[in-house]
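Q:
In our numbering, the protein residues as written are 439 to 666.
1) Excluding the 5 residues flanking residue 491 on each side, which residues of the same chain have their C-beta closer than 7 Å to its C-beta?
2) Please name the residue in 620, 607, 608 and 598 whose C-alpha comes closest to that of residue 586.
3) For residue 440, which three-state DSSP category applies?
4) Please return the same chain residues whose Cβ sits closer than 6 Å to the Cβ of residue 665, not counting the five positions on each side in sequence.
5) From which residue to which residue does the beta strand (DSSP E) around residue 557 run?
6) The alpha helix (DSSP H) that contains residue 619, what's its start and end?
7) According to DSSP, residue 603 sits in a beta bridge with which residue or residues?
8) Could you pull out every unbroken beta strand (DSSP E) segment of at least 3 residues lying fully inside the region 457-519, listed in chain order?
9) Using only the alpha-carbon positions, how far apart do residue 532 and residue 450 sit?
10) Would the region 593-609 count as touching the region 621-628 if we require 3 or more Cβ pairs under 8 Å?
11) Tell me, to the nearest whole angstrom, how far the beta carbon of residue 463 is from that of residue 509; I am working on the premise that it is less than 8 Å.
12) In terms of residues, what are the limits of the alpha helix (DSSP H) holding residue 536?
13) Is the beta carbon of residue 537 sitting closer than 9 Å to the one on residue 567?
14) Out of 581, 646 and 595, state which residue places its alpha-carbon closest to the alpha-carbon of residue 658.
15) Give me the DSSP bridge partner(s) of residue 448.
16) Using 8 Å as the Cβ pair cut-off and three pairs as the minimum, do the region 628-637 and the region 538-554 touch?
As structure tokens, this is what we get:
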């Protein structure tokens with residue numbers, strides 16, 4: 439997406455204090471006249487350097503959306519997870535980190551006035567939905583890419599944020615999991631299935647569709663709040 443007059447966002451490496459004892463690393467990107475900020479919750483062993491999520495984030499910047507990409511695990515926890523692979527499925531832990539990052543944004547001078555939304559992938563989508571359920575209407579929207587919302591099943595009924603679930607058409611198991619999850623959501627919701635896409639949306643042009651679909655969803659709800 440090329441927009442005339444677009445200027446690259448201000449990019450800052452940040453340390454996010456998610457509670458009194460734990461800090462995680464992040465990348466904060468704020469374009470001029472940002473409409474809101476999107477927190478990226480990565481999953482399944484991924485982090486803020488995920489090429490897929492960084493690609494989506496860059497496209498969101500063109501829509502005047504700020505982003506915070508964070509590592510939900512500390513470097514020490516990542517080393518443990520590489521061996522055990524269990525922390526990436528600890529939705530309770532990941533949810534606490536997303537909630538902590540949200541609190542940090544509300545207290546940060548650069549972001550405290552920006553409305554907040556979540557973009558979650560894989561198990562990170564479960565953490566994003568769980569956090570949205572806990573925080574409530576302060577989270578303006580949630581988008582899941584190839585997510586596992588079923589892992590947040592107990593929290594789905596508490597989510598008030600408009601929620602978009604995006605799944606690849608050639609990802610049948612995840613499609614069924616998302617269909618079951620969306621039936622349990624009581625908020626504004628939509629399931630988008632992208633034909634010809636597999637779980638990671640690696641096929642030509644498919645990730646662009648994900649990013650554009652997510653951008654429109656976020657802008658819709660950020661701008662609706664401005665009108666209200």
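Note that CB positions come from ideal geometry on N, CA and C, so glycine has one too.
A: So, to answer that:
1) Locating residue 491 in the chain shown gives position 53, where the first residue counts as 1. Shown here for residue 491: same chain residues with a beta carbon closer than 7 Å to its own, the five before and five after excluded, namely 478, 480, 507 and 559 in chain order.
2) In the chain shown, counting from the first residue as 1, residue 586 sits at position 148. Closest by alpha carbon: 620.
3) Start at 1 with the first residue of the chain shown, and residue 440 comes out as number 2. Only weak support exists for where residue 440 lies, its pLDDT of 45 falling under 50; the coordinates are left without a value.
4) As a working note, residue 665 is residue 227 in the chain shown. Because residue 665 carries a pLDDT of 46, less than 50, the predicted location of this residue cannot be relied on, and no value is offered for it.
5) Counting from 1 along the chain shown, the entry for residue 557 is found at position 119. Note, residue 557: beta strand (DSSP E), 554-559.
6) Locating residue 619 in the chain shown gives position 181, counting from the first residue. 610-622 is the extent of the alpha helix (DSSP H) around residue 619.
7) Counting from one through the chain shown, the residue named residue 603 turns up at place 165. Per the DSSP secondary-structure output, residue 603 pairs in a beta bridge with 582 and 629.
8) Runs found: 461-468, 474-479 and 503-508.
9) As a working note, residue 532 is residue 94 in the chain shown. As a working note, residue 450 is residue 12 in the chain shown. C-alpha separation (whole angstroms): 23 Å.
10) Yes, since at least three Cβ pairs between the region 593-609 and the region 621-628 fall closer than 8 Å, the two stretches touch.
11) As a first step, residue 463 must be located in the chain shown, where it is residue number 25. As a first step, residue 509 must be located in the chain shown, where it is residue number 71. Between residue 463 and residue 509, the beta carbon gap of about 5 Å places them in contact (Cβ cut-off 8 Å).
12) Residue 536 sits at position 98 when you count from the first residue of the chain shown. Segment 529-545, the alpha helix (DSSP H) holding residue 536.
13) Within the chain shown, numbered from 1, the residue matching residue 537 stands at position 99. Within the chain shown, numbered from 1, the residue matching residue 567 stands at position 129. No, the Cβ-Cβ distance between residue 537 and residue 567 is not below 9 Å.
14) To locate residue 658, count along the chain shown from 1; it is residue 220. With distances taken between Cα atoms, residue 658 lies closest to 581.
15) Position 10 of the chain shown holds residue 448. Answer is 468, bridged to residue 448.
16) Judged by Cβ distances under 8 Å, the region 628-637 makes no contact with the region 538-554, as fewer than three pairs qualify.
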